[in-house]
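Everything in the sequence shown is counted per our numbering, starting at -1 for the first residue and increasing by one.
We treat Cβ as the ideally placed atom computed from N, Cα and C, and that holds for glycine.
Encoded as structure tokens, the structure appears first; notes follow it.
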Amino acid sequence: MELTAAITHEGELFVARCLEVEVTSQGASAEDALENLKEALGLYFEDEGEPVDLAHPMVTTFQLSA
């Protein structure tokens, strides 16, 4: 299953968010956060079952005028 993660640096931690399902994890590094997210997703799908059809998000950047 292919999923998408957005990883941000927040304070002293990195936060990894799965964009297809609402699961988030954190770690001391981006790599740790991603590994922790994979583990959390494994537990999530163990409880919820694997989805039949996941919509992959479109990710883009944009400018916002102040």
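A straight line joining the alpha-carbon of residue 3 with that of residue 64 spans about 28 angstroms. Within its own chain, the residues whose Cβ lies closer than 8 angstroms to the Cβ of residue 57, once the five positions on either side in sequence are excluded, are 2, 4, 17, listed in chain order. Annotated three-state conformation of residue 1 is coil, per DSSP. If you compare the alpha carbons of 21, 55, 7, 54 with that of residue 37, the shortest gap goes to 21. Per DSSP, reduced to three states, the secondary structure at residue 60 is coil, with no helix or strand assignment. In this structure residue 28 is in contact with residue 12, their Cβ atoms being roughly 5 angstroms apart against a cut-off of 8 angstroms.
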